[in-house]
Amino acid sequence: MLGILLTVYVLAINFYAFLFMKRLQKVKASEQKKYDRTISLIALLGGGPTLYVCMFVFKTRLDSLFFMVIIPVLTALHVYVWFFGFRYGFGIPRWG
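In this note's numbering, the protein residues as written are 102 to 197.
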């Protein structure tokens, strides 16, 4: 049951990341800097893969070295945690 909930969470945060980047595409380049905290938070919560792909698809925020380095690092970290989490049952003890 926990695996299903966490899968739904990952899908939801990545869907939100896609919608956010699509909205950010319409914002002027000079105003995009005020959304840096939101992009960082979405990547930290697990939406990094979608953010990284959308940056190239929508050609948004490609000039920021911070996002070109941090988002792939967070993505690799999340994939690593999710892979071992699903493999070992997220560390939930099983009695019986």
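Quick reminder that beta carbons are idealized off the backbone N, C-alpha and C, glycines included.
First and last residue of the uninterrupted alpha helix (DSSP H) at Gln-133: Element bounds for Gln-133: n/a, residue is neither H nor E.
Use the C-beta contact count for Ala-130: other C-beta atoms within 10 angstroms, 16 or more gives buried, fewer gives exposed. exposed
Between Phe-157, Pro-150 and Met-156, which has its C-alpha nearest Tyr-181's C-alpha? Pro-150
Note down, in chain order, each residue of its chain lying with its Cβ closer than 7 Å to the Cβ of Tyr-220, except the 5 sequence neighbours on either side. No answer is possible for residue 220: it lies beyond the span of the chain, which begins at 102 and ends at 197.
In or out: Ile-140 buried (at least 16 other Cβ within 10 Å) or exposed? buried
What residue does the alpha helix (DSSP H) around Asp-137 start on, and which one ends it? 137–143
Among the residues of its own chain, which have a CB less than 8 Å from the CB of Thr-161, if the five just before and after it don't count? Met-122, Leu-125, Gln-126, Gln-133 and Cys-155
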